[in-house]
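Undergrad: Numbering (the numbering used here), first residue to last: 10 to 268.
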Amino acid sequence: MALLGLIGTLALVLPLTQVLRFQVEALIEDRSERARLDPLADAVAVQRGLIGHDEVATRVLQGRTALEAERRFRQAEVDYHLFTLQVSLQAGAWHPAWREAKAMQADWKLLAGHIANGRIDAEASRRGHRLLQEQAVQVMDFVHALLVVPVGRADSADWQARIDARRSELDGRIARAESTLALLGLVSLASLALLVGAAALLRAQRRGAAAARAAQPAANGTRRSPGRRLGDRPARATPAELTTASLDSARRALEDERT
10 MALLGLIGTL
20 ALVLPLTQVL
30 RFQVEALIED
40 RSERARLDPL
50 ADAVAVQRGL
60 IGHDEVATRV
70 LQGRTALEAE
80 RRFRQAEVDY
90 HLFTLQVSLQ
100 AGAWHPAWRE
110 AKAMQADWKL
120 LAGHIANGRI
130 DAEASRRGHR
140 LLQEQAVQVM
150 DFVHALLVVP
160 VGRADSADWQ
170 ARIDARRSEL
180 DGRIARAEST
190 LALLGLVSLA
200 SLALLVGAAA
210 LLRAQRRGAA
220 AARAAQPAAN
230 GTRRSPGRRL
240 GDRPARATPA
250 ELTTASLDSA
260 RRALEDERT
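1) Could you compute how far the alpha carbon of valine 146 sits from the alpha carbon of histidine 104?
2) Could you check what DSSP says for glutamate 128 in three-state terms: helix, strand or coil?
3) Do you know how far the Cα of glycine 58 is from the Cα of serine 177?
4) Below 6 Å CB to CB, which residues in the same chain sit around glutamine 142 once its five sequence neighbours on both sides are set aside?
5) Express the C-alpha separation of leucine 46 and alanine 133 in angstroms, rounding to a whole number.
6) Do glutamine 71 and alanine 110 come within 8 Å of each other at the CB atom, strictly closer than that value?
7) Going by the beta-carbon positions, is the gap between valine 152 and alanine 112 smaller than 8 Å?
8) Sort Glu79, Val53, Ala52 by Cα distance to valine 65 and report the nearest one.
9) With burial defined as no fewer than 16 other Cβ atoms inside 10 Å of the residue's Cβ, what is the status of glutamate 187: buried or exposed?
10) Please report the distance separating the alpha-carbon of glutamate 77 from that of aspartate 116.
11) By how many angstroms is the C-alpha of valine 148 removed from the C-alpha of glycine 122?
12) Taking the beta carbon of aspartate 63 as the centre, do at least 16 other beta carbons fall within 10 Å, making it buried, or is it exposed?
13) Let me check understanding here. Comparing Cα to Cα, which of Gln225, Arg139, Ala191, Ala224 lies closest to threonine 67?
14) What's the call for alanine 191, buried or exposed, on a 16-neighbour Cβ count within 10 Å?
15) Which first and last residues belong to the alpha helix (DSSP H) in which alanine 85 is found?
The following block contains the structure:
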């Protein structure tokens, strides 16, 4: 029975380990893709920030200085999105995209400084913003090439909506996979406990059978069969023992005659 229990437990544990392995691999893949979507969304935010700053900066350089406060606010937004983009790219170790983002950040600081000091005109500002937007698209392309499921072209109107939808889908899959793994972990622990118990019972049964086999020859040695075994026959007397016994008998006979 213990052997059957052990076989049954193994039949349960082996497929369970395969399911666990597949679930872990799928979870790792989903988490990796989810991490790639963060810098992609950050790059989109940088591009949109550049577009907003371009519009306000153009008006300021055309003489509408009352919008300078709004331009500075838009500049701070671009600074923030560039910073978060750098952080997310460094966390994922995407070196080509990180180098492009670093160059874009340097170009942006130079352009923003020229605009703030009035060193360039509106047309030069627009050209500078377009170049920065192209750099943002280049960063997106580097990251997008690593996605398992593409989310469309960077110039598509629903680009951000596709990214958000994919992030929501991956978040749901990751949450379900984590719950499944937690449940499978509990089942695995229970199966392992059954396996250890079955193995211990099988060892105990084997030790009991071995002890019974060891005790059986001793019990057989106490039985007597109609014919004696060689081990039960008396040993033959040696010639010296026979001579001594004869002399003892003769001496006792003489002593009896004297009395």
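Cβ atoms here follow ideal geometry from the backbone N, Cα and C, with glycine treated the same way.
TA: Taking the structure as given:
1) Indexing the sequence shown from 1 puts residue 146 at position 137. Indexing the sequence shown from 1 puts residue 104 at position 95. The alpha-carbon atoms of valine 146 and histidine 104 are separated by roughly 16 Å.
2) Here the question's residue 128 lines up with position 119 in the sequence shown. Residue identity check: residue 128 is arginine in the sequence provided, not glutamate. Three-state result, arginine 128: coil.
3) Taking the sequence shown and counting its residues from 1, the one referred to as residue 177 is at position 168. Taking the sequence shown and counting its residues from 1, the one referred to as residue 58 is at position 49. Distance between the alpha carbons of serine 177 and glycine 58: 23 Å.
4) Taking the sequence shown and counting its residues from 1, the one referred to as residue 142 is at position 133. Cβ within range, chain order: Gln56, Leu59.
5) Looking up residue 133 in the sequence shown gives position 124. Looking up residue 46 in the sequence shown gives position 37. Those two C-alpha atoms are separated by around 33 Å.
6) Reading the sequence shown from its first residue, position 101 is the one you call residue 110. Reading the sequence shown from its first residue, position 62 is the one you call residue 71. No, they are not a contact pair.
7) What you label residue 152 is simply residue 143 of the sequence shown in a count that begins at 1. What you label residue 112 is simply residue 103 of the sequence shown in a count that begins at 1. No, they are not a contact pair.
8) Position 56 of the sequence shown, counting from 1, holds the residue named residue 65. When each option's Cα is compared against that of valine 65, the closest is Glu79.
9) On the sequence shown, residue 187 is found 178 positions in, with the first residue counted as 1. The residue in question, glutamate 187, is exposed, as its Cβ has fewer than 16 Cβ neighbours within 10 Å.
10) As a first step, residue 77 is located in the sequence shown; it is residue number 68 there, counting from the start. As a first step, residue 116 is located in the sequence shown; it is residue number 107 there, counting from the start. Using only the alpha carbons, I get a separation of about 21 Å.
11) The residue given as residue 122 occupies position 113 in the sequence shown. The residue given as residue 148 occupies position 139 in the sequence shown. Answer to the nearest angstrom: the Cα atoms are 23 Å apart.
12) Numbered from 1 along the sequence shown, position 54 holds the residue referred to as residue 63. With 16 or more Cβ atoms within 10 Å of its Cβ, aspartate 63 is classed as buried.
13) In the sequence shown, residue 67 corresponds to position 58, counting from 1. Measuring from the Cα of threonine 67, the nearest candidate turns out to be Arg139.
14) Taking the first residue of the sequence shown as position 1, residue 191 is located at position 182. Exposed.
15) Within the sequence shown, the letter at position 76 stands for residue 85. It spans 77 to 101 - the alpha helix (DSSP H) in which alanine 85 sits, taken as one unbroken run.
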